[in-house]
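Written out below as C-alpha cells is the structure these notes cover.
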Ligand SMILES: *Cc1c(COP(=O)(O)O)cnc(C)c1O
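Residue numbers (the working numbering): 65 to 300.
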C-alpha cells in the first residue's frame, strides 16, 4: 500500500469531488444529493480511509479481496459501508459475501449463486449490481448486454442477494460527448430490462475520476472515485 497523503490534502480533494458532483447534479437538473459518492480506496492505507471518513465519507470501494479484508478488520470500529468493485474469482466469494454490504461487479450467474449461498442469512441481503461490458471490449469484464435479461431474472430470485442495478466501466474517452455515449447506453439498457422483467433496477454505478460529470449527466446514482480523492495509485 502507498503512504497516506496528508490529511489536509485528502480533505481538500474530497471537498473538490463533492463540489464536482453537486455541480454536475445541478447541470443535469437532478436533485442535490441524488448521486452517492463511493470512495475507491484500493491500494491506499487505512489511515487515508480514516481521514476521509472523518470528513464525512461512509462508503468505500475496494477491488482486491485480500487487501480489502485486512482493511475491513483494521477499521472495524468505524461505521463504514464496504463495496466490492473488482473482478471476482469463485474461490474468493466467501470473503466477499461476509465482508461487504455491496458488490458492483457481478458478471455471471455462478458467482451470484455462490455469493447468495455464502451470505450469512442473518445479515441484510448483499446488494448487487450486474456489471455490463457496455463498450464491448474483449478484455473487459462484464456480461454482454445481450445476456443481461436472463441474468437479471435469475439473480433477482437469489434469496440472499438484492439486485439493485447495473454497473459499467466504459473505455476511456476524452470529450464529454464521447464519454456520455456508453453511459447513456447503460441507462437505456437498464430501462429496457425494467420494462422487460418488471424488476426495479434503480441504481446505475457509473463514472470515475475522469468521467463522473458525463455519468451524472446520463443518470448515475453512484460514482466510484479513487484518484481524485486519494491521489495516484502505484501501478500493480
Ligand atoms: C479503480 C476503480 C475506480 C476508480 O478509478 P479512478 O479513476 O481512480 O477514480 C472505479 N471503479 C472501478 C471498478 C475501479 O476498479
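Glycine residues also receive a C-beta, built at the ideal position from the N, C-alpha and C atoms.
Because the structure is a prediction, the values reported are computed rather than measured.
| request: Let me have the residue list for ligand 2: C-beta closer than 5 angstroms to any non-hydrogen atom, ordered along the chain. | output: No copy of ligand 2 occurs in the structure displayed; its ligands are ligand 1 alone.
| query | On the premise that residue 280 lies in contact with residue 149, defined as a C-beta separation below 8 angstroms, what is that separation, rounded to the nearest angstrom? | reply | Not really, about 18 angstroms apart at Cβ, beyond 8 angstroms.
| request: With DSSP as the reference, label residue 154 as helix, strand or coil. | output: helix
| residue 277 to residue 252 span [Cα, whole Å] | 18 angstroms
| task | Spell out a yes or no on whether the region 142 to 156 and the region 167 to 182 are touching, meaning 3 or more CB-CB pairs, one atom from each, closer than 8 angstroms. | result | yes
| task | Would you mind working out which of 219, 234 and 186 sits nearest residue 206, comparing C-alpha positions? | result | 234
| message | So if DSSP puts residue 199 in a beta bridge, which residue, or which two residues, is it bridged to? | response | Paired residue(s): none; residue 199 is not in a bridge.
| Distance between residue 104 and residue 163 (C-alpha atoms, nearest Å) | Whole-angstrom Cα-Cα distance: 16 angstroms.
| said: Tell me the rounded alpha-carbon separation between residue 143 and residue 185. | reply: 21 angstroms
| said: Assuming residue 232 and residue 198 are in contact, meaning their beta carbons sit under 8 angstroms apart, how far apart are those beta carbons, in whole angstroms? | reply: With a Cβ gap of about 4 angstroms, residue 232 and residue 198 count as contacting.
| Starting from residue 253 and walking both ways along the alpha helix (DSSP H), at which residues does that stretch end? | 240 to 261
| field | Cβ pair residue 250, residue 230 closer than 8 angstroms | value | yes
| field | residue 107 versus 171, 287, 275 and 131, residue with shortest Cα-Cα distance | value | Cα-wise, what sits closest to residue 107 is 131.
| query | On the premise that residue 97 lies in contact with residue 288, defined as a C-beta separation below 8 angstroms, what is that separation, rounded to the nearest angstrom? | reply | Not a contact, Cβ separation roughly 17 angstroms.
| 4-residue-minimum alpha helix (DSSP H) runs that sit fully inside the region 171 to 229, ordered along the chain | 173 to 182 and 212 to 220
| said: Assuming residue 176 and residue 136 are in contact, meaning their beta carbons sit under 8 angstroms apart, how far apart are those beta carbons, in whole angstroms? | reply: At roughly 21 angstroms, the Cβ-Cβ gap does not stay under 8 angstroms, so residue 176 and residue 136 are not in contact.
| message | Need the endpoints of the alpha helix (DSSP H) that residue 138 sits in, please. | response | 129 to 138
| Same chain, Cβ closer than 6 angstroms to residue 290, five either side skipped, listed in chain order | 104
| field | Where residue 265 falls, given that 16 or more other Cβ within 10 Å makes a residue buried | value | So residue 265 counts as buried.
| Contact under 8 angstroms by Cβ, residue 259 with residue 193 | Against a cut-off of 8 angstroms, the Cβ pair of residue 193 and residue 259 comes out as no contact.
| task | Tell me whether residue 100 sits in a helix, a strand or coil according to DSSP, three-state version. | result | Correct three-state label for residue 100: strand.
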